[in-house]
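Same order as they appear, the protein sequences are chains A and B. Following this note's numbering, the numbering of the first sequence begins with 92 at its first residue and continues without gaps. Following this note's numbering, the numbering of the second sequence begins with 92 at its first residue and continues without gaps. Working notes for the structure below.
Number of protein chains: 2
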Amino acid sequence: MAQEPSIETDRAPAVGELTPPDRTLMGPGPSDVHPRVRRAMSTPLVGHLDPSFVEIMDDVQELLRYTFRTDNEWTIPVSGTGSAAMEAAIGNVVEPGDTMLVPTNGYFGGRMASMARRAGGEVVEVDAPWGEPLDPADVADALATHDPDVFGFVHAETSTGVRQPDVPELTAAAHDHDALVIADTVTSIGGVELRVDEWDIDVAYAGPQKCLSCPPGASPLTLSDEAMEKVLAREEDPRSWYLDLSLLEGYWGEERAYHHTAPITNVYAIREALRLVAEEGIEERWARHERLAGALKAGVEGMGLEMNAPDEFWLPSLNAVRVPDGVDDGEVCAELLERYDLEIASGLGDLDGDIFRIGCMGYSARPENVIYVVTALGDVLESLGATVDPGAGVTATRRALSE
Amino acid sequence: MAQEPSIETDRAPAVGELTPPDRTLMGPGPSDVHPRVRRAMSTPLVGHLDPSFVEIMDDVQELLRYTFRTDNEWTIPVSGTGSAAMEAAIGNVVEPGDTMLVPTNGYFGGRMASMARRAGGEVVEVDAPWGEPLDPADVADALATHDPDVFGFVHAETSTGVRQPDVPELTAAAHDHDALVIADTVTSIGGVELRVDEWDIDVAYAGPQKCLSCPPGASPLTLSDEAMEKVLAREEDPRSWYLDLSLLEGYWGEERAYHHTAPITNVYAIREALRLVAEEGIEERWARHERLAGALKAGVEGMGLEMNAPDEFWLPSLNAVRVPDGVDDGEVCAELLERYDLEIASGLGDLDGDIFRIGCMGYSARPENVIYVVTALGDVLESLGATVDPGAGVTATRRALSE
């Protein structure tokens, strides 16, 4: 029934100035954004078909290739957050009737499954407990059993703080069975060793708001020629028009034809964030994350806490720390936010209530942030009655940083 | 085959500082962004689950309701550009087997059709030539013939500069046939009279980079309770996980559950852009667009050019101007860009080569921009040998502005 809006809607809302609190972001992302990236976002816009924007697009593609360690022509920022890049990968590569093998060892394997089903695919699983990586032998078995068209794995599981080792072994096994490999690199890109070409990954997607320290809104995606051939040879259109890579190819490829209005400001931002990666050097950046997160890890272990992941698959960008007995994890996070303006996060799914998730990503991977989070966490845990030694934690971090 | 990236990729790209040209944006969007919105985008981030961000989300929803003229609870910014909001609307409301009636009188009706098909729907059409609105009698006939589940129309056709009049007549006809109505309001929201509730529109989507003068990246969407009931009662999941409104409801509704990382900075931006709407007043803003675009129209007519749309469906936010004989439209646009740093656009589809598309949107709907575009267009046309009277154009604009 047609009707006038209520008096409430009729009146212009009295919404005040934007004054968010000044947080230190040490959770699972977003991380603190580099001031140069924030400045880039305040740059006046040019049109999305402006010749000068085409040059900016070229820059971003070149910088993304460098950061992914790939020569892939099909390397673009997708117009949306990391999940949009994820759905662009799965929704284009998985065709109706295809089978996709996905992992069960974290939150994001489940999301892969949901996206693959919506794309019209069958989903089969390879199991590992939350908090552990996939075992290459299990992956080989699953490939032999199910003969999938596509195999997806999570390189850096944000929900569990686990780094998947043995990637070349996984991709070799998949290729032995003619399966294309899609890697979730949301929390590894720009922070943890990732070599798309050398490791023979066919498709990788990522988020900008983790180790690239760029606000979410334009998200890295790369596809090998072989993967893109499958996409371009599809019998049926992908189910999303917005994320259809054969159409996006017209805009990001030679033709520069209008598809949708690119998120210009987010492209400015990721360009600047990737420029910072190039200036630092990708290998130096991986080393910095390991060094800084190592100091964080030394601090939490020094105060008497336990890491959830063993050292061999510790994920420097996302540190999963066991919640000590007798403490409510939600209360700790709330206190840190309220008393210290500091964001860390609780666990999810099978690890709900068991872990804290402490990020150490991009511009947040700095000594001041690491010292602050170790200090604040120790103080809050002690104040809530946990058996920890905050002083020993800070000392361990201090020593690790001065090594 | 696993391989090292080329030497080119191995080397960090030497990409220089971001220094785009200083354009005046009078094309079909993006429009010039208000300085306050650009400043909001340089604000440091809080997390997407931060209690302070929840308040910001509430503000945005309230301001969007005001701007759409609706009480709809389901009013959110979608995490992507306008096409993402469009696909969220169509991909959720259209179920496999549903029939959607779409218009053929412009570029965006064709996009609606493509999205509806990908959602599993059947598409039927109601015809009108490019450059004309739909005739309510034709819509009523098409509704009677096809009995569609969903009827889509474009309120402000960016490709043709046509405003669809008689919206309440169209929605009443659709509701007589129990069809839900989806309106494309990308180029009308915040600039041209639009009354979602009073006009009985069930679903409306929009873009932020037109009359809201906000960078693209978070895009308005509103659904009536009845439309949302259809979405929540679907037998099959929508084909996009990213745009699944039943999942987004968990984040934007009471629960505030994690779905995907919101594009925080784009939410900051649209909040500020909508705050500017509320400060100005929505009806005053519509009046400003009509007044400024009227001066623009007076100028182009004054110099001897012809508008493509008759006055009764002239679209103030997007002025379609006939290309005068003997002039190449592409050359004119290129000259304006090169000599005046000024963006306007050519025609698309059936009107390719026939029209210039000159926007007058949001922060670009100011006297300085209007005077500049009329002056520059007259000068460039004259220099390219067209029969125009640039002086008379400027005089007509000046008079209209001083009325």
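For every residue, glycine included, the Cβ atom is placed at its ideal position computed from N, Cα and C. Being a predicted model, the structure only gives us computed values, none of them experimental.
Straight-line Cα distance separating residue j from residue i
i         : j         : result
Gly120(B) : Gly421(B) : 17 Å
Phe244(B) : Gly372(A) : 51 Å
Lys388(A) : Gly298(B) : 44 Å
Glu186(B) : Ser315(B) : 17 Å
Ala176(B) : Leu396(A) : 45 Å
Pro329(B) : Val241(B) : 16 Å
Leu383(B) : Arg430(B) : 24 Å
Glu495(B) : Thr115(B) : Because chain B here runs from 92 to 494, residue 495(B) falls outside it and cannot be looked at.
Gly173(A) : Asp229(A) : 28 Å
Arg130(B) : Ser133(A) : 6 Å
Ala348(B) : Gly212(A) : 27 Å
Leu155(A) : Ala425(A) : 36 Å
Ala219(A) : Ala204(B) : 43 Å
Val294(B) : Thr278(B) : 15 Å
His266(B) : Ser97(A)  : 22 Å
Thr110(A) : Asp226(B) : 48 Å
Ser143(B) : Glu346(B) : 15 Å
Arg127(B) : Arg127(A) : 19 Å
Simplified DSSP state of residue i, which is helix, strand or coil
i         : result
Asn460(B) : helix
Gly201(A) : helix
Ser142(B) : The sequence given here places Pro at residue 142(B); Ser does not occur at that position. It is helical.
Tyr296(B) : strand
Pro135(A) : coil
Trp405(B) : strand
Met319(A) : helix
Met206(B) : helix
Asp275(A) : strand
Val230(A) : helix
Pro119(B) : coil
Leu314(B) : strand
Thr190(B) : strand
Glu95(A)  : coil
Glu284(B) : coil
Val151(A) : helix
Val128(B) : helix
Val527(A) : Missing from the structure shown is residue 527(A); chain A here goes from 92 to 494 and no further.
Glu340(A) : helix
Sequence-distant residues of its chain with Cβ nearer than 7 Å to residue i (five each side left out)
i         : result
Tyr198(B) : Ser250, Leu439 and Gly440
Glu239(A) : At residue 239(A) the sequence reads Pro, which differs from the Glu that was named. Once the five neighbours on either side are set aside, the close Cβ partners of Pro239(A) are Thr190, Met191, Leu192, Val215 and Ala270.
Ser122(B) : Leu116, Gln300, Lys301, Ser304, Gly450, Met452, Gly453, Tyr454 and Ser455
His351(B) : Ser170 and Tyr333
Gly521(A) : With chain A covering 92 to 494 only, the question about residue 521(A) has no answer from this structure.
Leu472(A) : Pro415, Val418, Val423 and Val479
His139(B) : Thr352, Ala353 and Ile355
Lys321(A) : Val184 and Leu271
Asp445(A) : Arg413, Val414 and Gly438
Any C-beta of chain C under 8 Å from that of residue i
i         : result
Ser437(B) : Absent from the structure: chain C. Protein chains present are A and B.
Spatial neighbours of residue i in its chain, beta-carbon cut-off 6 Å, leaving aside the 5 residues before and after
i         : result
Asp291(B) : Thr262
Ala207(A) : Ile181, Val185, Met191 and Val214
Val391(B) : Val412
Ser264(B) : As written in the sequence, residue 264(B) is Ala, which differs from the Ser given in the question. Val230, Ala231 and Leu234.
Gly118(A) : Glu434, Ile435, Ala436 and Gly450
Val137(A) : Ser143 and Phe144
Met319(B) : Trp165
Cβ shell of residue i (< 8 Å), same chain only, five flanking positions each side left out
i         : result
Leu442(B) : Trp221, Gly222, Ser250, Thr251, Asn399 and Ala411
Arg457(B) : Leu383
Arg362(B) : Ala131, Ile147, Asp150, Val151 and Leu154
Pro112(B) : Asp432
| Within the region 425-479 of chain A, ranges of the alpha helix (DSSP H) (whole runs, at least 4 residues) | 458-474
Could you say if the region 291-310 of chain A and the region 329-345 of chain B meet the contact criterion of at least three C-beta pairs nearer than 8 Å?
Touching, no, given that fewer than three Cβ pairs across the two stretches are closer than 8 Å.
- prompt: Okay, do the region 307-320 of chain A and the region 157-169 of chain A touch, 3+ Cβ pairs below 8 Å being the bar?
  reply: At 8 Å Cβ cutoff, the stretches touch.
> Does the region 151-165 of chain B come within contact of the region 280-292 of chain B, defined as at least 3 CB pairs closer than 8 Å?
Replying inline: Counting Cβ pairs under 8 Å, three or more are found: they touch.
task: Taking 8 Å as the threshold, find out whether the region 399-406 of chain B comes into contact with the region 252-270 of chain B through three or more Cβ pairs.
output: Yes, since at least three Cβ pairs between the region 399-406 of chain B and the region 252-270 of chain B fall closer than 8 Å, the two stretches touch.
**Item:** Minimum length 4: unbroken alpha helix (DSSP H) runs contained in the region 235-272 of chain A
**Value:** 258-267
- Query: Which parts of the region 358-422 of chain A are runs of the beta strand (DSSP E), unbroken and 3 residues or longer, counting only runs that do not cross its ends?
  - Reply: 409-413
*Length-filtered (3 minimum) beta strand (DSSP E) runs lying within the region 155-184 of chain A*: 165-169
### Query
Is the region 355-373 of chain B touching the region 468-480 of chain B, taking contact as three or more C-beta pairs under 8 Å?
In short, these stretches do not touch, since the Cβ pair count stays below three.
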